[in-house]
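Participant:
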Amino acid sequence: MVGPVEFILAGVLVGFCVGITGVGGGSLMTPILISLFRIEPHIAIGTDLLYAAISKFCGSLVHAKKLNIVWPIVLWLALGSIPASFITHWVLENYLSGSSHYKTVLTMVLGFMLTLTGLSIMFRAQIEKFFAKFRVNKRVDETTQTFSIEGKRAFVVFMGVVLGVFVTLSSVGAGAFGVMALILMFPHLPMIRIIGSDVVHAVLLTAVAGFAHMTSGNVDFHLLGWLLVGSIPAIIVGTLISSKMPEKLIRKILGITLFALGVNFIINPVKSKPVEKAHSAMIIQVDQQHQV
């Protein structure tokens, strides 16, 4: 039987990966909860969203103190992502929550996002190297801390909408895909400011999506508490020893793992148990016999 010790250990594992590599929080926690602990997909996603919001909050404070946040990017992303998150949750709650395909949709979207996240983690170095050449002539931004998104607001809002939909459905994408999207749209922006802006937006989005799931009863607070007990100290330890660990190797293993989990979820999505349907049919038949 799964208990607090197992949940704490899961938090330690995920927190350690986050501390060393800076990625893997939401994308690793949800598949662990579903695959290893057999947590229902909607509960795993809702709980993980609040877990991500809380665990990323401390990192956002550090970036804010170091002036690594481009607030116009955060605000325009949120302008698209937060309404999209509310609308996505409303559609889930009113049109899919009672459907037999509910778990299938959630796990297939989760698998899709995990697959892309795994690829982005494995090839992040190559992606960053490709776009680094566009930053060479724009070093002034790093020293003056000035920035403008004139002419790109529509693209930022659209990317916010995309993130809002997929993060609400899967709890995955706020970190890895946010960074990749910002690199594509603002190749001249220093990487540290891209990461800082993405972390703050991820806190806002996961908090909003998490609270939306909470209103539907999709958050297990006991589970959330044990995960945080394990992960927060592990994040600190992982961050402190990250310089002494084989970060590239761990990142590659993490990327391959997420890719494999994603493919598995796409091929074998979680489905509603036929037993539950049979049980419901039996109840209906019994009621009809009583009425007769």
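Heads up: the sequence shown is residues 11 to 302, going by my numbering.
By construction, the Cβ of each residue, glycine as well, lies at the ideal position given by its N, Cα and C atoms.
Along the chain, where does the alpha helix (DSSP H) containing A74 start, and where does it finish?
Facilitator: By 1-based counting over the sequence shown, the position of residue 74 is 64. 51-75 is the extent of the alpha helix (DSSP H) around A74.
Participant: Does the Cβ of W86 have 16 or more other Cβ atoms within 10 Å, making it buried, or fewer, making it exposed?
Facilitator: Numbered from 1 along the sequence shown, position 76 holds the residue referred to as residue 86. Looking at its Cβ environment, which holds 16 or more other Cβ atoms inside 10 Å, W86 is buried.
Participant: Going by Cα to Cα distance, which pick from S253, C68, R163, T117 is closest to R48?
Facilitator: Residue numbering aside, residue 48 sits at position 38 when the sequence shown is read from its first letter. Among S253, C68, R163, T117, the Cα nearest to that of R48 belongs to T117.
Participant: Are there three or more Cβ pairs, one per stretch, closer than 8 Å when the region 118-126 is compared with the region 264-277?
Facilitator: Contact holds: three or more Cβ-Cβ distances are below 8 Å.
Participant: Jot down the residue ranges of each uninterrupted beta strand (DSSP E) in the region 140-228, minimum 3 residues, whole runs only, in chain order.
Facilitator: None, since the region 140-228 contains no complete beta strand (DSSP E) of that length.
Participant: Pull up the CB-CB distance for S95 and A222, whole angstroms please, since I reckon it's below 8 Å.
Facilitator: On the sequence shown, position 85 is the one that residue 95 refers to. On the sequence shown, position 212 is the one that residue 222 refers to. With a Cβ gap of about 6 Å, S95 and A222 count as contacting.
Participant: May I ask which residues mark the beginning and end of the alpha helix (DSSP H) holding P279?
Facilitator: Within the sequence shown, numbered from 1, the residue matching residue 279 stands at position 269. Taken as a continuous stretch (DSSP letters only), P279 belongs to no alpha helix (DSSP H), as it is neither H nor E.
Participant: Is the region 242-262 touching the region 19-38, taking contact as three or more C-beta pairs under 8 Å?
Facilitator: Result yes; three or more Cβ-Cβ pairs closer than 8 Å.
Participant: Measuring straight from C-alpha to C-alpha, what distance separates K162 and M169?
Facilitator: Counted from its first residue, the sequence shown places residue 162 at position 152. Counted from its first residue, the sequence shown places residue 169 at position 159. Straight-line Cα distance between these residues: approximately 11 Å.
Participant: Give me the residue from M255, I204, V218, V229 with the minimum Cα distance to P82.
Facilitator: Translated into positions along the sequence shown, residue 82 becomes position 72. Nearest option by C-alpha distance: I204.
Participant: Applying the criterion that 16 or more other CB atoms from any shown protein chain within 10 Å of the CB defines a buried residue, is G21 buried or exposed?
Facilitator: Here residue 21 is taken as the residue at index 11 of the sequence shown, counted from 1. Buried is the call here.
Participant: With DSSP as the reference, label V3 as helix, strand or coil.
Facilitator: Past the boundaries of the shown model lies residue 3; the chain is included only from 11 to 302, so the question cannot be answered.
Participant: Specify whether the region 208-223 and the region 54-74 touch according to this definition: at least 3 beta carbon pairs, one from each stretch, less than 8 Å apart.
Facilitator: The answer is yes - the region 54-74 touches the region 208-223, with three or more Cβ pairs under 8 Å.
Participant: Where in the region 226-264 do unbroken runs of the alpha helix (DSSP H), each at least 4 residues long, occur, reported from the N-terminal end onward?
Facilitator: Runs of the alpha helix (DSSP H) inside the region 226-264: 231-251.
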